[in-house]
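Going by this note's numbering, the sequence shown opens with residue 120, and the numbers climb by one from there. All residues carry an ideal CB built from backbone N, CA and C; glycine is no exception.
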Amino acid sequence: MVDRCRTTTATKYPGFQFHGSDTIFKLINDHALKQPIRKGLPRLEARHYFSIYQADDSHNKALLKLAKLDFNLLQKLHQKELSDIAAWWKNLDFAHKLPFARDRVVECYFWILGVYFEPQFFLARRILTKVIAMTSIIDDIYDVYGTLEELELFTEAVERWDISAIDQLPEYMRVCYRALLDVYSEIEEEIAKEGRSYRFYYAKEAMKNQVRAYHEEAKWLQVQQIPTMEEYMHVALVTSAYSMLATTSFVGMGDAVTEETFDWVFSQPKIVRASAIICRLMDDMVSHKFEQKRGHVASAVECYMKQHGASEQETHKEFNKQVRDAWKDINEECLMPTAVPMTVLNLARVIDVIYKNEDGYTHSETILKDIITSMLIDAVPI
Numbered sequence: 120m121v122d123r124c125r126t127t128t129a130t131k132y133p134g135f136q137f138h139g140s141d142t143i144f145k146l147i148n149d150h151a152l153k154q155p156i157r158k159g160l161p162r163l164e165a166r167h168y169f170s171i172y173q174a175d176d177s178h179n180k181a182l183l184k185l186a187k188l189d190f191n192l193l194q195k196l197h198q199k200e201l202s203d204i205a206a207w208w209k210n211l212d213f214a215h216k217l218p219f220a221r222d223r224v225v226e227c228y229f230w231i232l233g234v235y236f237e238p239q240f241f242l243a244r245r246i247l248t249k250v251i252a253m254t255s256i257i258d259d260i261y262d263v264y265g266t267l268e269e270l271e272l273f274t275e276a277v278e279r280w281d282i283s284a285i286d287q288l289p290e291y292m293r294v295c296y297r298a299l300l301d302v303y304s305e306i307e308e309e310i311a312k313e314g315r316s317y318r319f320y321y322a323k324e325a326m327k328n329q330v331r332a333y334h335e336e337a338k339w340l341q342v343q344q345i346p347t348m349e350e351y352m353h354v355a356l357v358t359s360a361y362s363m364l365a366t367t368s369f370v371g372m373g374d375a376v377t378e379e380t381f382d383w384v385f386s387q388p389k390i391v392r393a394s395a396i397i398c399r400l401m402d403d404m405v406s407h408k409f410e411q412k413r414g415h416v417a418s419a420v421e422c423y424m425k426q427h428g429a430s431e432q433e434t435h436k437e438f439n440k441q442v443r444d445a446w447k448d449i450n451e452e453c454l455m456p457t458a459v460p461m462t463v464l465n466l467a468r469v470i471d472v473i474y475k476n477e478d479g480y481t482h483s484e485t486i487l488k489d490i491i492t493s494m495l496i497d498a499v500p501i
């Protein structure tokens with residue numbers, strides 16, 4: 120029923136004519152068709168709604184001013200956090216030491232800001248931003264630069280999780296490996312102060328699992344293997360990084376989570392798997408052509424087309440259906456929203472914003488640049 124309503128609205132609504140005060144209604148509905156609220160980032164949606172609400176003659180001036188002040192004050196906090204993270208990133212000097220890797224620390228912070236923007240989660244944001252930034256570097260090492268022999272050494276080093284393993288690595292990998300262990304040592308120290316050291320095991324094991332999956336994809340690429348969809352998704356849902364990010368997202372959340380939360384997320388519940396499906400399929404649909412040109416492991420698109428003899432258009436149609444089904448699973452899990460499922464929901468929302476029509480992370484100079492500017496640079500005019 121919901122799917123039929125969505126299809127009918129999207130096809131018939133553009134023909135409606137609006138007049139006078141209906142213009143505000145049209146603005147709201149036009150935006151909802153492009154970016155449904157349930158899939159949008161709450162803070163980004165609030166930023167968009169200010170001008171619409173202000174155009175309504177019946178708006179509450181005091182409420183609007185308070186909302187704008189709240190947005191701007193919180194933006195100041197986020198700017199300070201980003202400044203600190205940017206200083207950490209600049210000190211690592213990856214842009215010069217690892218020039219093949221994407222330099223995207225601002226985009227990484229925006230990504231995590233979409234997961235939780237509330238001031239009380241400042242530690243969680245710092246932890247998860249550093250982890251996703253390191254994951255992006257590791258992803259590029261496995262995808263575009265390292266030889267299979269070098270990647271085997273790096274995988275073994277991560278399995279050992281010991282600084283002495285650095286001696287077996289080539290110089291460029293040493294830079295990354297040392298930074299990775301430093302980030303996780305910082306995490307361990309931070310959560311030990313709070314008496315929550317048990318969380319470190321889950322964070323570390325999630326990263327190890329991530330690297331193992333990257334290694335599996337690298338082996339496929341080495342022999343030019345196009346796996347079946349079942350084989351691909353078994354590994355690619357891990358390389359989407361969303362299981363690892365879901366786990367790590369809870370590490371700095373204080374009393375909002377318990378040890379049972381980590382056991383739950385490690386069991387790969389429906390909502391975590393659904394968010395990983397959304398991430399993997401939306402990413403692959405918009406990035407596979409660019410990735411294949413630079414020599415990348417086969418994406419879900421190539422795997423599905425080969426296995427089912429489907430066209431690219433038919434493949435996209437099937438994947439869009441699977442993405443919609445995954446959203447239904449997420450909606451079901453969020454009927455009683457708490458901090459835990461809402462964090463995973465927000466991970467999926469970030470994907471919908473960044474990868475809806477293009478790979479906004481890799482090509483961040485396009486639409487993502489304007490979004491980040493509105494969230495982190497431009498204050499809302501009072």
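- The closest CA to that of A337, considering only V294, L400, V391, A417, is found on A417.
- The Cβ neighbour count for G314, taken over all protein chains shown within 10 Å, is under 16; the residue is labelled exposed.
- In the three-state reduction of the DSSP assignment, C398 falls in the helix class, which pools H, G and I.
- Counting only runs that start and end inside the stretch 328 to 403, the alpha helix (DSSP H) elements of at least 4 residues fall at 348 to 358, 361 to 368, 378 to 385.
- DSSP places Y474 outside both helix and strand once states are collapsed to three, so it counts as coil.
- DSSP places D175 in the coil class of the three-state scheme, outside both helix and strand.
- Here DSSP, grouped into helix, strand and coil, assigns F229 to helix.
- Between the alpha carbons of H150 and L288 lies a gap of roughly 50 Å.
- For I251, the enclosing alpha helix (DSSP H) has its first and last residue at 241 to 259.
- Note on geometry: alpha-carbon atoms of I496 and M253 lie some 24 Å from one another.
- Secondary structure at V499: coil, using DSSP grouped into helix, strand and coil.
- In terms of Cβ geometry, G479 and L466 do not form a close pair [threshold 8 Å].
- Your pair I256 and F213 checks out as a contact, with CB atoms roughly 6 Å apart and the cut at 8 Å.
- Note on the stretch 416 to 495: whole alpha helix (DSSP H) runs with a minimum of 4 residues are 419 to 427, 431 to 452, 458 to 473, 486 to 491, in chain order.
- In this structure, E350 is the residue among L454, Q194, E350 with its C-alpha nearest to the C-alpha of Q426.
- When rounded, the separation of the alpha-carbon atoms in T367 and K145 is 40 Å.
- Under the three-state reduction of DSSP, P161 is assigned to helix.
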